[in-house]
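In our numbering, the protein residues as written are 6 to 665.
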Amino acid sequence: MAEASPSTIVASPASGVSEARPLHRRWPSWRVYGPVLRSPEGLAALATAALALAGWLWSIAGLEPAAVSPLLIAGGAFAGGGVIAAGAVRGLRRRELNVDELVTLALLASLLAQEYFSAALVAFMMLAGKVLEDLTAHRATAAIEALGTLLPQTARVRRDGHFLSRPLGEIAPGDVVLVRPGERIPVDGVVLAGRAAVDQAALTGESVPVAVRAGDRVLAGALVQEGALEVEATAVAAESVLGAVSRFAAEAIRERAPVVRAADRYARYVTPAVLALAGLTWLVSGRLLNAVGVLVAACPCVLVLATPTAMVAGVVAGARRGLLVRGGARLEAAAAVRVVALDKTGTLTLGEPAVVEVRSLGPRASQEVLAAAAAVEALSEHPVARAIVARARAERLAFAPAPADTFSAVPGLGVCGLADGRRVAVGTVDLLAELGVAVPDSVQAMLDQVHQDGLMGVLVAIDGDVAGLVTLADRPRPGAAALVRALRRAGVERIVMLTGDAPAVARAVGRRLGIDEVYAALLPRDKARWVEQLRAAGKRVAMIGDGVNDAPALAVADVAVAMGTSAADITRHAADIVVLSNELPRAVEALLLSRATMGVVWQNLIIAGIWNGVTIAAAATGLIPPVIAALAHNAGSVLVVVNAARLAGWQPPREEPGPA
């Protein structure tokens with residue numbers, strides 16, 4: 006099989022083998038536009054246009070009988086007006102006033118004034134505006150459905166020692182699947198064997214393929230560019246991260262943000278006000294056409310379109326950058342965030358200690374101390390043991406693991422054993438005391454200082470004497486400092502760390518990253534209480550975390566942000582925004598995107614207000630007839646949709662280089 010290019014991969018239902026197709030051919034236009042054009046509004050708009058155009062051509066051609074021309078044009082007005090009038094009747098039955106009532110009255114007034122062409126054009130323009138709105142929503146829905154094409158229809162799953170092709174629906178968590186070069190990964194899972202470069206751009210927004218190997222997590226829908234992988238499934242279909250992307254985006258389109266609902270409420274008051282204005286215009290000017298023009302120009306379509314189009318565009322822009330936003334309400338809330346609370350372990354730090362320093366406390370060199378410690382720690386699975394062994398391997402030290410019968414671990418204290426005939430112990434002061442090894446006061450003071458600095462210290466004893474001190478620390482994640490800097494640039498006034506870790510360790514990380522306040526030794530419920538206290542100060546609070554113990558705090562925050570594809574399921578369910586990438590600065594992008602989205606919303610509302618005001622004034626004074634008022638009205642609708650569409654290609658501002 007030839008290697009696929011990094012273009013979009015869709016599954017062939019017949020074979021289940023992935024094939025590459027260019028992005029622009031992923032969704033044929035008819036798939037998107039067909040349902041909208043076949044809708045009652047779409048068909049009525051086409052009929053209105055066809056009849057009105059035929060009547061106009063009959064007239065300018067001078068054909069006989071001349072009465073056919075107005076009949077055709079009036080027929081077009083009735084074809085479109087009937088659909089609009091039906092909507093008005095439905096609204097009245099629900100005791101709701103909407104734009105359909107205004108348009109229906111404008112059409113009736115135009116027909117009574119024998120302005121048939123004006124009536125037909127008004128009907129067509131209003132229907133065309135509805136079709137434009139439906140197309141915008143349908144394209145967003147089609148983009149969500151297109152996410153499903155990232156999954157193959159079948160996968161090679163291990164059965165009785167052999168890999169067999171099976172439908173994706175038959176794969177369950179725990180199954181092992183084989184993914185070859187050029188294929189999409191069918192499940193979320195953990196790599197059991199193999200190495201590969203994996204393109205996750207469609208999911209996380211990471212532009213560079215990620216190198217993965219045994220033990221790494223991978224996502225359904227990611228493209229294996231080089232190498233082959235055996236993956237143990239942890240989540241399939243709707244439970245995968247890709248399924249969450251589709252679910253979040255669908256919820257976002259259905260949900261109405263508070264600003265959208267406010268605009269709708271405002272639109273309901275517009276109808277009676279416009280009716281009064283049209284009546285006043287008729288009384289003052291004595292011209293029915295002026296009143297008709299006011300009815301046409303004042304339809305609040307531009308206002309109603311102003312907010313939902315921007316919200317949908319913002320949600321889609323986030324999905325393209327690996328930010329799953331549950332809906333417009335979350336975007337609106339995120340735009341007002343001024344306080345950010347951060348989890349430490351797993352969010353700001355890697356959650357595993359790393360060796361900072363190996364200090365010799367006797368005649369043996371530090372490398373000899375490290376090699377001896379690694380020799381006994383090699384048989385332990387403790388995070389401290391892994392860190393010591395990793396450091397020894399990084400320094401290419403030769404060490405022989407102790408025989409298993411001479412190795413012992415003391416829970417909470419450390420390990421001991423024989424290494425090359427030497428008795429070695431690695432652990433706490435209490436472990437050494439149990440083994441009869443005396444710890445000098447100077448070493449105890451040194452160890453106390455290490456703990457005060459927020460670091461972890463373990464002692465190494467060789468043949469009954471304290472030989473060295475190994476200092477370890479939980480390393481900040483790459484980008485942790487950049488996250489804090491970016492939060493400040495984004496206008497966040499207060500950055501707080503909430504952690505269950507020891508106070509000294511938490512303060513050390515906070516100082517290093519430049520965090521304003523650190524609250525440590527917190528239980529999950531304590532984190533939630535702190536978030537509630539921060540909210541009580543009157544500021545919008547965002548909580549950023551990735552673990553199960555962050556779920557209560559995420560649930561009470563104004564905006565809950567879950568970090569990384571490895572975030573616990575309960576955390577993702579409690580989150581308003583999920584950052585699929587493990588790149589920390591991406592969390593700030595969610596805040597920046599929300600502010601950009603709300604900026605476009607207010608731009609659209611201002612455009613709508615000014616545009617409608619000018620058009621109404623021109624129609625009321627007779628400067629423009631109803632036909633031009635209809636054109637101007639729909640030009641305003643197009644303008645706000647185009648302005649909102651700018652968000653689809655949103656990119657965050659570039660960060661100035663700074664310290665790591």
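Glycine is no exception: its CB is placed at the ideal position from the N, C-alpha and C atoms.
None of the values given here were measured: they were computed from a predicted structure.
query	result
Count the CB pairs spanning the stretch 582-590 and the stretch 326-335 that are closer than 8 Å, and state whether there are at least three.	yes
Label Ala377 either buried or exposed according to how many other C-beta atoms from any shown protein chain fall within 10 Å of its C-beta, with 16 as the threshold for buried.	buried
Does the Cβ of His456 have 16 or more other Cβ atoms within 10 Å, making it buried, or fewer, making it exposed?	exposed
Taking buried to mean at least 16 other C-beta atoms within 10 Å of its own C-beta, is Glu537 buried or exposed?	exposed
Is the CB-CB distance between Gly323 and Ala595 below 8 Å?	yes
Count the other C-beta atoms from every protein chain shown that fall within 10 angstroms of the C-beta of Arg161, then say buried if there are 16 or more, exposed otherwise.	buried
Take every Cβ of the stretch 472-480, pair it with every Cβ of the stretch 493-500, and state whether three or more of those distances are shorter than 8 Å.	no
In the structure shown, what three-state DSSP assignment does Ala377 receive?	helix
In whole angstroms, give me the CA-to-CA distance for Ala227 and Gly248.	13 Å
Does the distance from the CB of Ala50 to the CB of Phe129 come in under 8 Å?	yes
Determine the burial state of Asn205: buried for a count of at least 16 other Cβ atoms within 10 Å of its Cβ, exposed for fewer.	It is worth fixing the name first, because residue 205 is Gln in this sequence and not Asn. Under this definition Gln205 is a buried residue.
Output the distance between the C-alpha atoms of Val448 and Gly462, rounded to the nearest integer angstrom.	11 Å
Considering only DSSP beta bridges, list what His167 is partnered with.	Arg164
State yes or no: is the C-beta of Val297 within less than 8 Å of the C-beta of Ala118?	yes
Can we say the stretch 520-535 touches the stretch 557-567, given the rule of at least three CB pairs closer than 8 Å?	yes
In terms of DSSP beta bridges, what is Glu386 paired with?	In the DSSP output, where bridge partners are listed per residue, Glu386 has none listed.
Can you give me the C-alpha to C-alpha distance between Arg163 and Leu224, rounded to a whole angstrom?	19 Å
Secondary structure at Ser44, three-state DSSP: helix, strand or coil?	coil
State the Cα-Cα distance for the pair Gly80 and Leu97, rounded to the nearest angstrom.	25 Å
Do Pro631 and Leu294 count as a contact pair if the criterion is CB distance below 8 Å?	yes
Between the alpha carbons of Pro590 and Gly232, how many angstroms are there, rounded?	30 Å
Which residues bound the alpha helix (DSSP H) around Leu492?	485-494
Do you know how far the Cα of Pro186 is from the Cα of Gly422?	46 Å
Which residues mark the beginning and the end of the beta strand (DSSP E) in which Pro481 is found?	470-481
What alpha helix (DSSP H) runs, 4 residues minimum, are completely inside the stretch 503-527?	508-518
With DSSP collapsed to three states, give me the class of Leu183.	strand
Just to confirm before moving on: does the CB-CB distance between Arg540 and Asp563 stay below 8 Å?	yes
With DSSP as the reference, identify every bridge partner of Ile582, one or two as the case may be.	Val330, Val566
Among Gly291, Lys544, Thr286, Asp468, which one has its Cα closest to the Cα of Gly426?	Asp468
Return the Cβ separation of Val415 and Leu436 in integer angstroms, given the expectation that the two are a contact with Cβ distance under 8 Å.	6 Å
Return the chain-ordered list of same chain residues with a C-beta closer than 6 Å to the C-beta of Lys544, the five sequence neighbours on each side being excluded.	Arg343, Val344
Which value, in whole angstroms, describes the spacing of the CA atoms of Pro277 and Ala52?	30 Å
Does Leu169 pass the burial test, meaning 16 or more other C-beta atoms within 10 Å, or should it be called exposed?	exposed
Closest to Arg651 by C-alpha separation, out of Leu464, Arg493, Val321, would be which residue?	Val321
Identify whether Thr626 lies in helix, strand or coil by the three-state DSSP scheme.	coil
Just to confirm, is the Cβ distance from Val420 to Ser385 under 8 Å?	yes
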